[in-house]
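A.B. asks: Starting off with a structure, shown below.
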Amino acid sequence: MEISKIMKKKIEELIEKGKRIDERELLEYRDIEIKTGVSAKAEGSAWVKVGDTEVIAGVKLDAVEPYRDSPDSGNLAVGAELSPMASDRFELGAPDIQAIELARLVDRGVRNSECIDFKKLCIKEGEKVWSVMIDIYPINDAGSLIDISNIAAIAAVKNAVFPEYKDDKVQYGELTDKKLPLSDLPITITVYKIDNKFVIDPLTEEEDASNTRLTFTITYPDEVINSMQKTGEELSEQEILEMRDIALKEGKKLHAKVMSLLKQI
Amino acid sequence: MAKEEKLKRPDGREKEELRKIEAKVGVIKRADGSAMFTFGGSTAIAAVYGPRTLHPQHLQDPETGVLRCYYDMTTFSVSERKRPGPNRRANEISFVTTKALQPAIQIENFPNTAVDCYIMILQADASTRCAGINAASLALANAGVPMKELVSAVSIGKTGDHLVVDVSKEEEDFTVMKDGKEIKAATDIPFAILSRSEKISLLQLDGKINSEDLKEAIELAKRACKKIAEIQKKALKKVKDEA
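Top to bottom, those sequences are chains D and U. Everything in the first sequence is counted per the numbering used here, starting at 16 for the first residue and increasing by one. Everything in the second sequence is counted per the numbering used here, starting at 41 for the first residue and increasing by one.
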């Protein structure tokens with residue numbers, strides 16, 4: 016744990032009373048801002064700010080050989096880099112487990128929700144398909160990177176357009192107005208357990224005070240759960256089901272908020 | 041409402057039927073503790089060294105020993121040769137495996153030490169992280185690491201309309217025809233459950249479920265892990281009796 020025991024105790028005491036150090040409700044999300052098209056050479060990009068946490072995500076497209084077992088499907092790859100600029104806790108070097116987990120969580124959400132129709136990314140079956148490469152860069156870590164990285168990723172995906180494909184080559188810089196083939200975008204919501212209460216959208220100090228989190232990726236309106244990941248201490252069945260209910264309910268609100276912001280762009 | 045199709049598992053198993061399990065303890069002589077665990081075609085071996093001094097020193101914790109688990113697969117454990125060395129998936133599995141086993145061990149009395157657990161998958165037919173956790177739990181006990189309880193792991197799957205216990209590779213790759221094209225339609229939910237408290241120390245999901253499915257999945261996992269814990273205890277008793 017990185018915060019002092021005094022700070023941890025203070026957070027726990029407040030949370031017992033249903034309060035947080037920034038005066039939010041336990042299940043209240045910070046204000047969200049989204050801007051898309053923030054990086055000119057990317058085929059799609061988005062900058063997301065939730066409270067003080069800022070994340071940029073970009074999408075690059077390329078025409079590649081399909082995988083052997085899916086000759087008519089496009090590919091997806093998701094990467095994340097936790098640069099030391101975002102936090103004094105991040106170090107230079109190859110992605111560590113935090114960055115790997117972050118990327119893989121976003122990947123599972125996007126992939127399992129089938130929000131991108133990979134069959135429609137086929138250029139020539141068995142030979143050429145579009146590869147969608149999403150990369151996530153937190154710029155400032157003030158907590159809740161997992162959920163916010165997902166928002167940035169889906170915003171970038173929604174912003175993305177195909178580049179021209181001529182003479183068997185991708186013509187970077189020549190953008191079409193054709194968007195990626197998308198359907199319901201997934202929302203990620205991580206429920207953190209602090210003492211015996213649950214919070215969402217934690218600050219860094221709250222993440223430190225928490226020993227257990229359960230991440231859900233959910234597609235609305237059907238409320239299908241596409242991925243789950245528990246990390247930290249053990250949970251009882253009752254706790255898991257309670258966290259599931261929180262995720263479904265609060266995820267719905269978050270989804271509505273994010274979709275309305277994306278519409279305005 | 042669509043009529044639910046009758047459950048037909050590719051290998052003919054019942055809904056809650058586990059594949060053939062083999063559990064053996066003490067398979068790596070040089071290690072402090074070791075074990076092998078098999079679910080059908082998935083075999084994991086685990087070796088535990090420790091508690092031993094933790095290097096590098098700056099990672100030591102003066103308040104407790106530290107558990108570190110490392111999961112990897114042999115190159116030939118899967119159909120298409122896997123590049124040697126842990127990849128990102130293996131790193132993630134190592135991470136969640138450590139978290140799955142941590143609650144069961146008590147190493148606060150071993151400050152500045154590490155308990156290192158190495159898991160290798162010799163052959164893979166889905167549920168490898170579960171086989172790994174089961175082997176690791178045995179290896180930790182075999183090493184004499186103080187343990188409050190055993191950790192037992194199993195994967196619950198959803199293929200089409202049905203939840204099933206102990207997912208095989210064929211079930212993991214389950215597809216359905218939609219608009220004339222074959223699409224992936226399986227969900228994999230690995231669980232690890234602590235034998236005494238019945239609390240859940242590993243929970244992941246990859247696929248698609250409805251919210252009601254989760255409750256049933258937990259119930260199925262609890263029942264299956266009880267059976268697995270009995271098998272693990274038998275394996276530990278066997279080596280104790282032979283000693």
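Virtual Cβ for every residue (Gly too), placed ideally from N, Cα, C. Remember, it's a predicted structure, so these values are computed and weren't measured experimentally.
Sorted by chain position, which residues of the same chain lie with C-beta nearer than 6 Å to M41(U)'s C-beta, five sequence neighbours on each side aside?
C.D. replies: Here residue 41(U) is taken as the residue at index 1 of the second sequence, counted from 1. Legend: pLDDT at M41(U) = 46, less than 50; position of this residue unreliable, no value from coordinates given.
A.B. asks: Chain U partners of S146(D), CB-CB under 7 Å?
C.D. replies: By 1-based counting over the first sequence, the position of residue 146(D) is 131. Chain U residues near S146(D): none, gap ~17 Å exceeds 7 Å.
A.B. asks: Considering R108(U), what are the terminal residues of the beta strand (DSSP E) in which it resides?
C.D. replies: Position 68 of the second sequence, counting from 1, holds the residue named residue 108(U). Taken as a continuous stretch (DSSP letters only), the beta strand (DSSP E) holding R108(U) covers 106-113.
A.B. asks: Residue range of the alpha helix (DSSP H) that A101(D) falls in?
C.D. replies: One-based indexing of the first sequence puts residue 101(D) at position 86. Segment: none, A101(D) is in no alpha helix (DSSP H) and carries neither H nor E.
A.B. asks: Which residues in the same chain as A264(U) place their Cβ atom closer than 6 Å to its Cβ, once the five residues preceding and following it in sequence are excluded?
C.D. replies: Indexing the second sequence from 1 puts residue 264(U) at position 224. So the list reads V194, V205, once near-sequence residues are dropped.
A.B. asks: Name the chain D residues whose beta carbon is nearer than 7 Å to that of L107(U)?
C.D. replies: Along the second sequence, one-based indexing puts residue 107(U) at 67. Chain D residues near L107(U): none, gap ~13 Å exceeds 7 Å.
A.B. asks: For C137(D), collect the residues of the same chain with a Cβ closer than 6 Å to its Cβ; drop the 5 residues on either side in sequence, then sort them by chain order.
C.D. replies: Working through the first sequence from its first residue, we reach residue 137(D) at position 122. Taken in chain order, the residues that qualify are D87, V144.
A.B. asks: Can you pull the chain U neighbours of S164(D), defined as C-beta to C-beta under 9 Å?
C.D. replies: To locate residue 164(D), count along the first sequence from 1; it is residue 149. Per Cβ cutoff of 9 Å: no residues; S164(D) is ~16 Å from chain U at best.
A.B. asks: Could you check what DSSP says for R121(U) in three-state terms: helix, strand or coil?
C.D. replies: By 1-based counting over the second sequence, the position of residue 121(U) is 81. Coil, per DSSP.
A.B. asks: Rounded to the nearest angstrom, what separates F150(U) and H95(U) at their Cα positions?
C.D. replies: Position 110 of the second sequence, counted from the first residue, corresponds to residue 150(U). Position 55 of the second sequence, counted from the first residue, corresponds to residue 95(U). In a straight line, the C-alpha of F150(U) is about 14 Å away from that of H95(U).
A.B. asks: Buried or exposed for M16(D), please, with buried defined as at least 16 other CB atoms from any protein chain shown within 10 angstroms of its CB.
C.D. replies: Taking the first sequence and counting its residues from 1, one reaches residue 16(D) at position 1. At M16(D) the pLDDT is 43, less than 50, meaning the model places this residue with poor confidence and gives no usable figure here.
A.B. asks: Is the distance from the Cβ of V88(U) to the Cβ of L162(U) below 8 Å?
C.D. replies: In the second sequence, residue 88(U) corresponds to position 48, counting from 1. In the second sequence, residue 162(U) corresponds to position 122, counting from 1. No; because the gap between Cβ atoms is not below 8 Å, this pair is not in contact.
A.B. asks: Can you check whether the C-beta of G200(U) is within less than 8 Å of a C-beta belonging to chain D?
C.D. replies: Along the second sequence, read from residue 1 onward, the residue named residue 200(U) stands at position 160. For G200(U), the answer is no, since every Cβ of chain D falls outside 8 Å of its Cβ.
A.B. asks: By how many angstroms is the C-alpha of V74(D) removed from the C-alpha of N90(D)?
C.D. replies: Translated into the one-based positions of the first sequence, residue 90(D) becomes position 75. Translated into the one-based positions of the first sequence, residue 74(D) becomes position 59. Those two C-alpha atoms are separated by around 13 Å.
A.B. asks: Considering only their Cβ atoms, is the gap separating A140(U) from F72(U) smaller than 8 Å?
C.D. replies: What you label residue 72(U) is simply residue 32 of the second sequence in a count that begins at 1. What you label residue 140(U) is simply residue 100 of the second sequence in a count that begins at 1. The sequence given here has Asp at residue 72(U), not Phe. No.
A.B. asks: Let me know the alpha helix (DSSP H) ranges lying completely inside the stretch 33-66 of chain D, each 4 residues or longer, listed in chain order.
C.D. replies: none
A.B. asks: Among residues of its own chain, excluding the 5 on either side of L276(D), which ones have a beta-carbon nearer than 6 Å to its beta-carbon?
C.D. replies: The sequence position of residue 276(D) within the first sequence is 261, counting from 1. If we look at L276(D) and ignore the five residues flanking it on each side, its Cβ neighbours are I49.
A.B. asks: How long is the line joining the alpha carbons of F177(D) and C109(U), rounded to whole angstroms?
C.D. replies: For the purposes of this step, residue 177(D) is taken as residue 162 along the first sequence, with counting starting at 1. For the purposes of this step, residue 109(U) is taken as residue 69 along the second sequence, with counting starting at 1. Their Cα atoms are separated by approximately 43 Å.
A.B. asks: Determine whether the beta carbon atoms of I227(U) and I249(U) lie at a separation below 8 Å.
C.D. replies: The residue given as residue 227(U) occupies position 187 in the second sequence. The residue given as residue 249(U) occupies position 209 in the second sequence. Correcting the residue identity first, residue 227(U) is Thr in this sequence and not Ile. It is a contact, given that the beta carbons lie within the stated cut-off.
A.B. asks: Do three or more CB pairs link the stretch 186-206 of chain D to the stretch 146-163 of chain D at distances below 8 Å?
C.D. replies: Pairwise C-beta distances place the stretch 186-206 of chain D in contact with the stretch 146-163 of chain D, as three or more of them are shorter than 8 Å.
A.B. asks: Using the Cβ count rule (16 or more neighbours within 10 Å means buried), how would you classify V216(U)?
C.D. replies: Your numbering for residue 216(U) matches position 176 in the second sequence. By the 10 Å Cβ count, V216(U) comes out exposed.
A.B. asks: Please list the residues of the stretch 36-48 of chain D that have a C-beta atom closer than 7 Å to any C-beta atom in chain U, keeping them in chain order.
C.D. replies: none
A.B. asks: Would you kindly work out how many angstroms separate the C-alpha atoms of P91(U) and A154(U), rounded to a whole number?
C.D. replies: Numbered from 1 along the second sequence, position 51 holds the residue referred to as residue 91(U). Numbered from 1 along the second sequence, position 114 holds the residue referred to as residue 154(U). The alpha-carbon atoms of P91(U) and A154(U) are separated by roughly 5 Å.
A.B. asks: From I240(D) to Q97(U), what does the alpha carbon distance come to, in whole angstroms?
C.D. replies: Locating residue 240(D) in the first sequence gives position 225, where the first residue counts as 1. Locating residue 97(U) in the second sequence gives position 57, where the first residue counts as 1. Going from the Cα of I240(D) to the Cα of Q97(U) covers about 42 Å.
A.B. asks: For S251(U), go through chain D and note every residue whose CB falls closer than 7 Å to its CB, in chain order.
C.D. replies: Reading the second sequence from its first residue, position 211 is the one you call residue 251(U). In chain order: E238, I240, R259, L263.
A.B. asks: Of all the CB atoms in chain D, is at least one closer than 8 Å to the CB of D246(U)?
C.D. replies: Here residue 246(U) refers to the residue found at position 206 when the second sequence is read from its first residue. D246(U) counts as touching chain D.
A.B. asks: With 8 Å set as the bound, which would you pick, yes or no: does the beta-carbon of P91(U) sit closer than that to a beta-carbon of chain D?
C.D. replies: The residue labelled residue 91(U) in the question sits at position 51 within the second sequence. Not an interface residue.
A.B. asks: Going along chain U, which residues have a C-beta under 9 Å from I112(D)?
C.D. replies: Counting from one through the first sequence, the residue named residue 112(D) turns up at place 97. Per Cβ cutoff of 9 Å: N131, E132, S134, F135.
A.B. asks: Under 6 Å Cβ to Cβ from E56(U), same chain only, skipping five residues before and after it: list those, please.
C.D. replies: For the purposes of this step, residue 56(U) is taken as residue 16 along the second sequence, with counting starting at 1. Correct list, in chain order: V205.
A.B. asks: When you compare the stretch 251-263 of chain D with the stretch 237-246 of chain U, are there three or more beta-carbon pairs, one atom per stretch, that lie closer than 8 Å?
C.D. replies: Using a C-beta cut-off of 8 Å, the stretch 251-263 of chain D makes contact with the stretch 237-246 of chain U, since at least three inter-stretch Cβ pairs fall below that distance.
A.B. asks: Mark L97(D) as exposed unless 16 or more other C-beta atoms lie within 10 angstroms of its C-beta, in which case mark it buried.
C.D. replies: The residue given as residue 97(D) occupies position 82 in the first sequence. Result: buried.
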